[in-house]
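Have a look at the structure below before the remarks.
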Amino acid sequence: GQQLNQSPQSMFIQEGEDVSMNCTSSSIFNTWLWYKQDPGEGPVLLIALYKAGELTSNGRLTAQFGITRKDSFLNISASIPSDVGIYFCAGQGDDKIIFGKGTRLHILP
Amino acid sequence: DAGITQSPRHKVTETGTPVTLRCHQTENHRYMYWYRQDPGHGLRLIHYSYGVKDTDKGEVSDGYSVSRSKTEDFLLTLESATSSQTSVYFCAISAENYGYTFGSGTRLTVV
């Protein structure tokens with residue numbers, strides 16, 4: 137079946153640093169989505185990408201839909217403590233959405 | 023808020039007992055999904071529904087059944103709970119082919 141490879145699995149960074157994470161797949165997707173999950177809550181949609189090559193920003197977050205339609209990345213600039221959480225990528229083809237296993241972001245004091 | 027609620031939020035049950043989790047939405051969305059989240063596995067689809075009485079299996083459907091008798095409610099049933107079903111369960115809803123909105127989850131412990 138379709139699988140997404142999300143990396144890194146976890147990150148430890150200092151407050152103020154930039155963050156980059158990505159997802160790759162052997163399958164082509166029509167839509168790429170990035171979610172964030174806070175402790176004890178469900179994932180919340182951050183950014184949705186609908187076209188190959190599309191670059192979209194949401195505040196300090198920037199995500200891109202890869203040209204090959206098989207990958208996407210998410211950047212967070214100038215990280216702050218509330219950025220802590222698990223970030224999931226998700227790809228959608230013609231049917232259901234497939235999720236990556238998540239990147240757990242830790243911010244060191 | 024997105025208008026999706028899950029109940030209960032927490033449950034502890036004994037092995038072999040039946041358990042039903044409820045997902046309720048007020049958005050009138052067509053699609054509803056049940057996922058489980060486990061360390062190292064991310065979110066895995068159990069079952070989904072694309073309309074009243076229309077359901078289908080996901081990648082980890084064994085041991086689970088679902089029902090959707092009304093647009094707003096999607097029930098997940100563990101007929102005979104096992105310890106391997108200890109997990110956090112998330113319901114999600116979506117309009118036609120757009121990103122999902124998730125509930126806050128149900129933490130189920132099978133002892």
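Chains as they are written, first to last, in the working numbering: chain A, 137 to 245; chain B, 23 to 133. Idealized CB from N, CA, C, for every residue including glycine.
Have a look at B:G154 and B:I68 and give me their C-alpha separation to the nearest angstrom. In this structure chain B extends from 23 to 133, so residue 154 of chain B is not present and cannot be described.
At which residues does the beta strand (DSSP E) containing A:G227 begin and terminate? In the first sequence, the residue the question calls residue 227 of chain A occupies position 91. Element bounds for A:G227: 221–228.
Taking only beta-carbon positions, decide if A:E151 is within less than 7 Å of chain B. As a working note, residue 151 of chain A is residue 15 in the first sequence. So, not an interface residue.
Cutoff 7 Å: A:L191 Cβ touching any chain B Cβ: By one-based count along the first sequence, residue 191 of chain A stands at place 55. For A:L191, the answer is no, since every Cβ of chain B falls outside 7 Å of its Cβ.
Whole-Å CB distance - B:Y72 paired with B:A114, under 8 Å assumed: Your numbering for residue 72 of chain B matches position 50 in the second sequence. Your numbering for residue 114 of chain B matches position 92 in the second sequence. The beta carbons of B:Y72 and B:A114 sit about 13 Å from each other, so the pair does not count as a contact at 8 Å.
Going along chain E, which residues have a C-beta under 9 Å from B:L67? The structure shown contains no chain E; its protein chains are A and B.
For B:Q107, the three-state DSSP class (helix, strand or coil): For this step, residue 107 of chain B is matched to residue 85 along the second sequence. It is helical.
Cut-off 6 Å between Cβ atoms - residues of its own chain near B:V7, not counting five sequence neighbours on either side: The first residue shown for chain B is 23 and the last is 133, placing residue 7 of chain B beyond what the model contains.
With DSSP collapsed to three states, give me the class of A:S143. Walking along the first sequence from the start, residue 143 of chain A turns up at place 7. A:S143 falls in the strand class under three-state DSSP.
Proximal residues, the region 213–227 of chain A versus chain B, C-beta separation under 8 Å: F224, A226
Sequence-distant residues of its chain with Cβ nearer than 8 Å to A:R205 (five each side left out): Taking the first residue of the first sequence as 1, we reach residue 205 of chain A at position 69. Within its own chain, the residues whose Cβ lies closer than 8 Å to the Cβ of A:R205, once the five positions on either side in sequence are excluded, are I164, F165, N166, A188, listed in chain order.
Between the CA atoms of A:C225 and A:N141 - distance to the nearest angstrom: On the first sequence, position 5 is the one that residue 141 of chain A refers to. On the first sequence, position 89 is the one that residue 225 of chain A refers to. Taking the straight line joining both Cα atoms gives about 9 Å.
Check the C-beta distance from B:T37 over to B:A103 and give it rounded, since I have them as a contact under 8 Å. In the second sequence, counting from the first residue as 1, residue 37 of chain B sits at position 15. In the second sequence, counting from the first residue as 1, residue 103 of chain B sits at position 81. Going by Cβ atoms, the distance from B:T37 to B:A103 rounds to 6 Å, so yes, they are a contact pair.
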